[in-house]
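Residue numbers (the numbering used here): 13 to 503.
Glycine included, each C-beta is placed from N, C-alpha and C at the ideal position.
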Amino acid sequence: LYEALVNDPAKRPERTGTTFERVCEVIQNVLPENEGKAIVSQLETRLGSVASRKALSEEDAHKLIDELDRFEIGTTDMREIVNQLLLCELSTDEVLELHRTYKIPVSELETDILPVQGDGCWIMDSKGKWYLDLDSNYSATNLGMANPSIAQGLYNQAKTLISMKEDRIQLARARFLKEIEQMMPQGLVNFYWQNSGGEAVDKSLKIAKAYTNSRDVIAFKNGFHGRTHGAVAVTYNEKYRRPFLLHEEEWVHFADFNDIDSVKNALDKTGSRIIIMEMVQGEEAGNRPATQEFIDQLWSLARERDVVIIDDEVQAGFGRTALKKGEWFACDSYGVVPDIMVIGKSFGGGYPVTAVVTKEQIKNSMKPGYDGSTFGGNPMAMTAALIATRQMREMDITQNVVDRSKQFADGLAELQKKYDIVKEVRVYGLMIAIHLDNHENVERVQHRFRDRGIKSSLSTGEYIRFLPPTIISAGEVNYVLSALDGAIDSL
Ligand code: PLP
13 LYEALVNDPA KRPERTGTTF ERVCEVIQNV LPENEGKAIV SQLETRLGSV ASRKALSEED
73 AHKLIDELDR FEIGTTDMRE IVNQLLLCEL STDEVLELHR TYKIPVSELE TDILPVQGDG
133 CWIMDSKGKW YLDLDSNYSA TNLGMANPSI AQGLYNQAKT LISMKEDRIQ LARARFLKEI
193 EQMMPQGLVN FYWQNSGGEA VDKSLKIAKA YTNSRDVIAF KNGFHGRTHG AVAVTYNEKY
253 RRPFLLHEEE WVHFADFNDI DSVKNALDKT GSRIIIMEMV QGEEAGNRPA TQEFIDQLWS
313 LARERDVVII DDEVQAGFGR TALKKGEWFA CDSYGVVPDI MVIGKSFGGG YPVTAVVTKE
373 QIKNSMKPGY DGSTFGGNPM AMTAALIATR QMREMDITQN VVDRSKQFAD GLAELQKKYD
433 IVKEVRVYGL MIAIHLDNHE NVERVQHRFR DRGIKSSLST GEYIRFLPPT IISAGEVNYV
493 LSALDGAIDS L
């Protein structure tokens with residue numbers, strides 16, 4: 013308990029000081045309601061001098077331990093109190109307030125729970141409650157919310173060499189390069205490492221422009237490519253572009269998805285030689301796959317007109333959309349290889365690492381000095397990526413996606429038969445969208461999920477979307493399906 017109250021920075025340098033408020037919160041989390049309340053009220057009376065929201069001093073900690081001794085809290089409860097304090101030393105309210113005070117409000121803060129620990133597909137909040145995660149941090153934590161092997165690798169790497177600029181050779185990257193080629197589509201073997209999906213999309217546009225010497229880019233309606241300046245410019249939803257005066261960019265043209273004539277028209281009108289696309293539109297379209305016919309037509313059109321296709325697999329890649337074992341990318345499922353591919357999210361196992369990948373004949377359009385990155389492909393990122401991708405292969409992740417996808421599809425089809433408000437179900441690998449009758453019901457289901465120990469916060473209009481970790485088990489899928497049944501029933 014003392015260790016949880018007074019931090020030893022040599023042992024846990026990542027922590028700050030434990031506050032009295034957090035101690036009171038944890039006591040109430042762990043003990044039955046009346047008992048917890050009574051103890052906290054006595055502690056507040058007797059230790060009123062302990063400064064609010066300041067780290068407990070050694071003296072405060074000793075006083076607190078003496079006081080707690082008087083209440084004869086059982087060993088199991090006391091262990092849980094210590095465990096929760098070691099996981100989180102600040103009260104939930106303080107954490108929330110700090111975020112509210114200091115955040116530039118570019119996005120809506122999700123404040124319903126404060127996640128403090130992960131275990132496989134599960135996250136525990138600051139109150140000690142566990143939730144099955146259906147978001148995977150936008151498909152980034154597909155191997156779970158905490159990963160001991162990645163943790164060990166990052167610890168070893170940070171101790172030996174924490175960072176290295178992109179343009180210097182290093183061992184961690186060489187190790188990863190020896191492994192990654194076996195997962196890549198044929199011929200996509202030249203990498204430019206970045207740190208976020210948006211950044212990698214920007215760089216893919218630069219490479220395509222350098223190669224084609226074409227200014228104009230064809231993107232698709234309802235496509236999403238990120239929030240950096242270039243990536244948002246080719247993202248369809250105008251509300252993401254307009255505030256930054258990127259809604260009238262002369263070099264960007266949006267074509268209809270799954271409509272080859274619309275693409276032809278755009279190419280004819282603009283003379284562009286660059287197309288950027290998601291093969292399975294996620295974020296903005298509520299999971300809409302391209303048709304095989306459209307992809308075949310697009311590829312032959314591109315060959316005919318010498319057009320470069322950028323395939324954004326930031327969300328889809330590394331097994332998320334697998335329809336068959338071994339399909340690591342959406343383009344594998346369609347049987348095509350793009351000229352440039354953008355990868356991200358999943359392959360760092362939760363650690364930020366992304367890349368633009370291209371072919372021999374395109375790579376040479378980039379010359380030294382055309383770009384640069386301080387952190388791109390740094391040794392920590394490469395180490396995480398090596399361990400994460402190795403795990404994906406060893407765990408046969410694509411087979412798990414295929415099996416769990418079928419389970420979701422079957423279970424959701426049953427729910428669609430049972431409930432009128434379920435209008436449509438879209439399951440593509442483990443990209444899942446359920447069309448309900450209105451957005452309010454989407455929010456209600458998400459709310460009721462929370463009561464049933466499930467965390468799901470993704471939606472697109474009337475679609476509730478799931479991007480569960482690709483390691484999700486059969487039992488966990490059943491848990492989601494039965495919670496969803498209960499949640500819809502209770503509407
Ligand atoms: N591209 C696609 C298809 C995405 O889904 C996203 C994020 O959701 C991005 C790019 C942007 O990635 P990041 O948030 O890492 O910048």
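Suppose contacts are defined by Cβ-Cβ distances below 8 Å. Is residue i in contact with residue j by that definition?
| i | j | result |
| --- | --- | --- |
| S226 | I286 | yes |
| L279 | I230 | yes |
| L166 | A396 | yes |
| D323 | M353 | yes |
| L97 | V38 | yes |
| G298 | Y440 | no |
| S208 | P364 | yes |
| L479 | D137 | no |
| D351 | S284 | no |
| L470 | R477 | yes |
| N234 | E191 | no |
| L258 | A245 | yes |
| T482 | G331 | yes |
| T153 | G465 | no |
| A67 | T28 | yes |
| E33 | R58 | no |
| E455 | H447 | no |
How many angstroms separate the CA atom of residue i from the CA atom of residue j?
| i | j | result |
| --- | --- | --- |
| T31 | R24 | 16 Å |
| A170 | Q304 | 45 Å |
| F203 | A367 | 6 Å |
| D179 | R185 | 11 Å |
| A328 | G132 | 20 Å |
| W263 | K218 | 13 Å |
| V349 | E193 | 14 Å |
| V213 | G384 | 15 Å |
| K375 | E92 | 55 Å |
| N46 | Q40 | 9 Å |
| A495 | E79 | 42 Å |
| F420 | I409 | 16 Å |
| D503 | M443 | One point to set straight first is that residue 503 is Leu, not Asp, in the sequence displayed. L503 and M443: Cα-Cα distance of roughly 25 Å. |
| G238 | T247 | 7 Å |
| T282 | R317 | 13 Å |
| I484 | R300 | 22 Å |
| L183 | P391 | 8 Å |
| E56 | A163 | 39 Å |
| A243 | I181 | 29 Å |
| T88 | A16 | 16 Å |
| G498 | Q411 | 29 Å |
Between which two residues does the beta strand (DSSP E) carrying residue i extend?
| i | result |
| --- | --- |
| E436 | 434–440 |
| V320 | 320–324 |
| P127 | 127–131 |
| Y114 | Premise fails: Y114 lies in the alpha helix (DSSP H), 104–114, not in any beta strand (DSSP E). |
| D137 | 134–137 |
| V62 | Element bounds for V62: n/a, residue is neither H nor E. |
| N95 | Per DSSP, N95 belongs to no beta strand (DSSP E); it is in the alpha helix (DSSP H), 87–99. |
| H259 | Looking at the DSSP string, H259 is not in any beta strand (DSSP E), and its letter there is neither H nor E. |
| T472 | 470–472 |
| Q206 | 202–206 |
| V264 | 264–267 |
Starting from residue i and walking both ways along the alpha helix (DSSP H), at which residues does that stretch end?
| i | result |
| --- | --- |
| N168 | 160–172 |
| Y143 | Element bounds for Y143: not the alpha helix (DSSP H) but the beta strand (DSSP E), 142–145. |
| I77 | 70–81 |
| F236 | Taken as a continuous stretch (DSSP letters only), F236 belongs to no alpha helix (DSSP H), as it is neither H nor E. |
| Q40 | 32–42 |
| N46 | 45–58 |
| L493 | 486–501 |
| V454 | 451–463 |
| R185 | 183–192 |
| V18 | Note, V18: premise wrong, no alpha helix (DSSP H); not H, not E. |
| L217 | 209–224 |
| Y150 | 148–151 |
| R477 | Not the alpha helix (DSSP H): R477 falls in the beta strand (DSSP E), residues 475–478. |
| L448 | That residue, L448, is in no alpha helix (DSSP H); its beta strand (DSSP E) goes 443–448. |
So residue i and residue j are in contact, right, with Cβ under 8 Å, and what is the actual spacing, rounded?
| i | j | result |
| --- | --- | --- |
| D124 | W134 | D124 to W134, Cβ: 16 Å. No contact. |
| K357 | Y150 | 7 Å |
| N270 | A302 | 6 Å |
| G473 | H459 | No, G473 and H459 are not in contact; Cβ-Cβ is about 17 Å, not under 8 Å. |
Can you check whether the C-beta of residue i is within less than 8 Å of a C-beta belonging to chain C?
| i | result |
| --- | --- |
| S151 | Reference to chain C is not applicable here, since this structure consists of a single protein chain. |
**Within the region 336–397, ranges of the beta strand (DSSP E) (whole runs, at least 3 residues)** = 352–355, 366–370
**Request:** Could you name each continuous alpha helix (DSSP H) segment of 4 residues or more that falls completely within the region 277–336, going from the start of the chain to the end?
**Result:** 304–317
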